[in-house]
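*Asks:* Using my numbering, the first residue of the sequence shown is number 705, and each one after it goes up by one.
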Amino acid sequence: MEIKILLVEDDEHILNSVTAFLEGEGYIVDACDDGDIALERIYEKSYHLVILDIMLPGADGHKILKELRSLNNTPVLMLSALGDDGNQIRSFDALADDYVTKPFKIQLLLKRVAALLRRSGALAKEIRAGDITLYPDDFKVTYQEREITLTLKEFEILSLFMHNKNRTLTYEVIMSQVYGYDFDRLGNTMQAHIKNLRAKLPVDIIKTVRGVGYRLEGEG
Numbered sequence: 705m706e707i708k709i710l711l712v713e714d715d716e717h718i719l720n721s722v723t724a725f726l727e728g729e730g731y732i733v734d735a736c737d738d739g740d741i742a743l744e745r746i747y748e749k750s751y752h753l754v755i756l757d758i759m760l761p762g763a764d765g766h767k768i769l770k771e772l773r774s775l776n777n778t779p780v781l782m783l784s785a786l787g788d789d790g791n792q793i794r795s796f797d798a799l800a801d802d803y804v805t806k807p808f809k810i811q812l813l814l815k816r817v818a819a820l821l822r823r824s825g826a827l828a829k830e831i832r833a834g835d836i837t838l839y840p841d842d843f844k845v846t847y848q849e850r851e852i853t854l855t856l857k858e859f860e861i862l863s864l865f866m867h868n869k870n871r872t873l874t875y876e877v878i879m880s881q882v883y884g885y886d887f888d889r890l891g892n893t894m895q896a897h898i899k900n901l902r903a904k905l906p907v908d909i910i911k912t913v914r915g916v917g918y919r920l921e922g923e924g
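1) By the DSSP assignment, the alpha helix (DSSP H) with Gly790 in it spans what residues?
2) Excluding sequence positions up to five away, which residues of its chain have a Cβ less than 7 Å from the Cβ of Thr893?
3) If you draw a straight line from the alpha carbon of Pro906 to that of Thr872, how long is it in whole angstroms?
4) Go ahead and label Lys869 buried or exposed: buried means 16 or more other beta carbons lie within 10 angstroms of its beta carbon, across all protein chains shown.
5) When the Cα of Val712 is compared with those of Tyr883, Ile909, Thr912 and Arg745, which residue comes out closest?
6) Quick one: residues in its chain with C-beta nearer than 7 Å to the C-beta of Arg773, no 5 flanking neighbours on either side, listed in chain order?
7) What are the start and end residues of each continuous alpha helix (DSSP H) run of 4 or more residues lying completely inside the stretch 836-863, in chain order?
8) Can you name, in chain order, every residue of its own chain whose Cβ lies under 7 Å from the Cβ of Gln848, other than the five neighbours on each side?
9) Using only the alpha-carbon positions, how far apart do Ile878 and Leu820 sit?
10) Considering only residues of the same chain and omitting the five flanking positions on each side of His897, which have a CB-CB separation below 7 Å?
11) Is DSSP giving Arg823 helix, strand or coil here?
12) Let me check one thing: in DSSP terms, what residues is Gly917 bridge-paired to?
13) Along the alpha helix (DSSP H) that carries Val722, what are the first and last residues, could you check?
14) Of all the options Ile758, Ser721, Asp714 and Lys708, which has the alpha carbon lying nearest to the alpha carbon of Phe796?
15) On the DSSP letters alone, give me the boundaries of the beta strand (DSSP E) that Leu710 sits inside.
16) State yes or no: is the C-beta of Ser824 within less than 7 Å of the C-beta of Pro779?
17) Which residues does DSSP pair with Val754 in a beta bridge?
18) Quick one: Cα of Leu813 to Cα of Ala903, how far?
19) Can you tell me whether DSSP reads Tyr883 as helix, strand or coil?
20) For the beta strand (DSSP E) containing Asp908, name the first residue and the last one.
21) Going by other Cβ atoms of all chains shown within 10 Å of its Cβ, with 16 needed for buried, is Gly765 buried or exposed?
22) Distance check for Val804 and Lys899, CA to CA, integer angstroms please.
23) Run the CB neighbour count on Ser784, radius 10 Å, all protein chains shown included, and call it buried at 16 or more, exposed below.
Here it is, written out as structure tokens:
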């Protein structure tokens with residue numbers, strides 16, 4: 705499975721060097737140097753990890769982090785020259801997953817990236833929710849080891865739900881992460897895909913949160 709990372713950094717040297725090392729590890733890197741552009745991308749695309757500077761042109765890192773957390777649980781590593789306790793505490797209070805101060809050793813950064821990806825399940829060969837197992841690399845889903853046949857969009861929706869187990873995902877979040885299109889135009893399509901997905905799953909784990917969105921309830 706391709707691991708996609710959004711890197712937001714306004715220092716050109718750091719942006720280019722970190723991008724090169726991450727790509728050397730096999731990651732797909734979407735790099736930008738502007739906070740407003742980063743906000744657009746988190747609505748348009750889905751990432752496995754975000755590396756985020758604080759001091760940026762346009763929206764700063766704290767604003768981007770807050771907005772991202774309203775969308776999903778994507779791991780966020782703050783990468784900043786601001787090493788004071790106040791900025792670190794503010795970042796962790798806003799649910800950042802890690803904080804690295806500049807200057808930094810690139811090998812340490814790579815280790816932290818790998819650790820966050822392992823913790824989130826992005827590097828896992830399988831993701832479980834009760835008796836349902838999803839295999840990201842193989843586009844395969846099983847229930848008690850019996851395979852369930854899903855369309856690509858059904859698989860993508862289930863994958864999004866399972867990566868965000870027990871968390872309510874709004875209609876807008878599902879649309880932006882799975883379709884990347886205008887919600888008003890494809891809302892009925894999304895609901896039809898979720899209805900079909902529910903019908904194929906042997907257990908009722910996708911719950912409707914009326915007027916808000918959906919939540920997958922499960923352990924594992």
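Glycine included, each C-beta is placed from N, C-alpha and C at the ideal position. None of these values were measured; they are calculated from a predicted model.
*Replies:* Reading from the atomic positions:
1) Asp789 to Asp797
2) So no residue of the chain qualifies.
3) 21 Å
4) Buried, since its Cβ has 16 or more Cβ neighbours within 10 Å.
5) Per the Cα distances, Arg745.
6) Ala798 and Leu799
7) The stretch 836-863 contains no whole alpha helix (DSSP H) run of 4 or more residues.
8) Asp835
9) 23 Å
10) Taking C-beta separations shorter than 7 Å and ignoring five residues to either side along the sequence, the partners of His897 in its chain run Lys857, Glu858 and Ile861, following chain order.
11) helix
12) Answer is Thr874 and Val913, bridged to Gly917.
13) Element bounds for Val722: Glu716 to Gly728.
14) Ile758
15) Lys708 to Val712
16) yes
17) Leu710 and Val780
18) One C-alpha to the other measures close to 43 Å.
19) Judged by DSSP in its simplified three-state form, Tyr883 adopts helix.
20) Segment: none, Asp908 is in no beta strand (DSSP E) and carries neither H nor E.
21) buried
22) 42 Å
23) buried
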